[in-house]
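Peer 1: Below are the structure tokens for one structure; questions will follow.
In the numbering used here, the protein residues as written are 9 to 288.
The structure is reproduced here in structure tokens:
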């Protein structure tokens, strides 16, 4: 008995919903016919004398607001675009420049129009300048600023990995980090040059054995990325030694970046020409 009651109740609810839907459609049709008849009044109907009282201005203002809102709603229904998506490109780019890298990527997955806006070259160029540097304003990346941003972020992460290896003092990790080639070079802050893969790795073994663990910071990182080569410049600040200017150069082989050159030199401070040279 309870099953029959539930079935009857569900059937009744469906009928009520269908009736309300049909009633809504009829009301909509009547409204449209009423508007069309009002838009073309018969010629014999005398025109009302315009009102000069203050209520006329209020009525005009209300009418303007209704027309504007209706026009915006109609435009949105016709184009499927929100007000944000109908902004001029310059305003959209400025608004997107306040987003960070993950937020811009998430925005591009919302719909096709926002994906087009989030993939705009100017938006990624603005994000590049905000996250990295203004130095490369005149650069025209071959694959666009979005791809260039991703490549720069990748090489900056690789460069960070290099300093993590120094913190951990891991010779096996440093051996995998360098390209096994005879033309790789390493210049430590002592000024001594090591050329070739074996000599470079041996120099890092001496560095790890000679130095104690030192806390340091890396600042002012600047990267330039080409198709299969990249270089990164930065300033290195240690508790006991430094500061130093450092340049790292990388080459892209077998789907990953390898270091091929490291150069560390003491930074001149306050115009001093004679600085004590120490190990980095």
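Ideal Cβ placement from N, Cα and C applies to all residues, glycine included.
Please read all numbers here as calculations on a predicted model, not as lab measurements.
Of the residues 193, 142, 111 and 114, which one's Cα is nearest the Cα of residue 211?
Peer 2: The option with the nearest alpha carbon to residue 211 is 193.
Peer 1: Would DSSP call residue 262 helix, strand or coil?
Peer 2: The answer is coil: DSSP assigns residue 262 none of H, G, I, E or B.
Peer 1: Output the distance between the C-alpha atoms of residue 190 and residue 152, rounded to the nearest integer angstrom.
Peer 2: Approximately 34 Å between the Cα atoms of the pair.
Peer 1: Among 132, 187 and 146, which residue has its Cα nearest to the Cα of residue 205?
Peer 2: Ranking the options by Cα distance to residue 205, first place goes to 187.
Peer 1: Measuring CB atoms only, is the region 117-124 touching the region 136-152, in the sense that at least three cross pairs come out at less than 8 Å?
Peer 2: Touching, no.
Peer 1: Grab me the residues of residue 237's own chain with a C-beta within less than 6 Å of its C-beta, minus the 5 sequence neighbours each way, in chain order.
Peer 2: Cβ within range, chain order: 259.
Peer 1: Of all the options 213, 113 and 256, which has the alpha carbon lying nearest to the alpha carbon of residue 229?
Peer 2: Ranking the options by Cα distance to residue 229, first place goes to 256.
Peer 1: DSSP state of residue 177, grouped into three classes?
Peer 2: In the structure shown, residue 177 sits in coil (DSSP, three-state: anything other than H, G, I, E or B).
Peer 1: When we look at the beta-carbon of residue 166 and count the other beta-carbons within 10 Å, is it buried (16 or more) or exposed?
Peer 2: Burial call: buried.
Peer 1: Below 8 Å on the Cβ atoms is my contact criterion, and I expect residue 227 with residue 245 to pass it. Report the Cβ-Cβ distance as a whole number of Å.
Peer 2: Yes, they are in contact, since the Cβ atoms of residue 227 and residue 245 sit about 7 Å apart, within 8 Å.
Peer 1: In or out: residue 106 buried (at least 16 other Cβ within 10 Å) or exposed?
Peer 2: Looking at its Cβ environment, which holds fewer than 16 other Cβ atoms inside 10 Å, residue 106 is exposed.
Peer 1: Which of helix, strand or coil does DSSP assign to residue 196?
Peer 2: Three-state result, residue 196: coil.
Peer 1: Alpha carbon to alpha carbon, what distance is there between residue 273 and residue 116?
Peer 2: Going from the Cα of residue 116 to the Cα of residue 273 covers about 43 Å.
Peer 1: Any chance you could list the alpha helix (DSSP H) runs of at least 4 consecutive residues sitting entirely within the region 109-149, in chain order?
Peer 2: Counting only runs of 4 or more, we get 109-115, 120-126 and 129-139.
Peer 1: Determine the contact status of residue 131 and residue 100, defining contact as a CB-CB distance below 9 Å.
Peer 2: Going by C-beta atoms, residue 131 is nearer than 9 Å to residue 100.
Peer 1: Rounding to the nearest angstrom, what Cα-Cα distance links residue 64 and residue 112 in this structure?
Peer 2: At residue 64, the pLDDT of 49 sits below 50, so the modelled position is not reliable; the number obtained from the coordinates is stated separately. Distance between the alpha carbons of residue 64 and residue 112: 48 Å.
Peer 1: Closest to residue 208 by CA distance: which of 225, 222, 185 and 264 is it?
Peer 2: The residue with the shortest Cα to Cα distance from residue 208 is 185.
Peer 1: For residue 201, collect the residues of the same chain with a Cβ closer than 7 Å to its Cβ; drop the 5 residues on either side in sequence, then sort them by chain order.
Peer 2: The answer, listed in chain order, is 193 and 195.
Peer 1: From residue 128 to residue 104, what distance separates their C-alpha atoms?
Peer 2: The straight-line gap from Cα to Cα measures roughly 10 Å.
Peer 1: In chain order, what residues of the same chain lie with their CB nearer than 8 Å to the CB of residue 171, ignoring the 5 residues before and after it?
Peer 2: Closer than 8 Å at Cβ, skipping near neighbours: 224 and 226.
Peer 1: How about residue 222 and residue 163: do their beta carbons lie closer than 9 Å?
Peer 2: Contact flag unset, no.
Peer 1: Which residues mark the beginning and the end of the alpha helix (DSSP H) in which residue 107 is found?
Peer 2: Careful: residue 107 lies outside any alpha helix (DSSP H) and carries neither H nor E.
Peer 1: What residue from 150, 183, 247 and 161 has the CA that sits closest to residue 268's CA?
Peer 2: Minimum Cα distance to residue 268 is reached at 183.
Peer 1: Taking C-beta to C-beta, are residue 3 and residue 175 nearer than 9 Å?
Peer 2: Only positions 9 to 288 of the chain appear in the structure, and residue 3 is not among them; the question remains open.
Peer 1: Could you say which of 277, 235 and 252 lies nearest to residue 263 if we only look at CA atoms?
Peer 2: The shortest Cα separation from residue 263 among 277, 235 and 252 belongs to 235.
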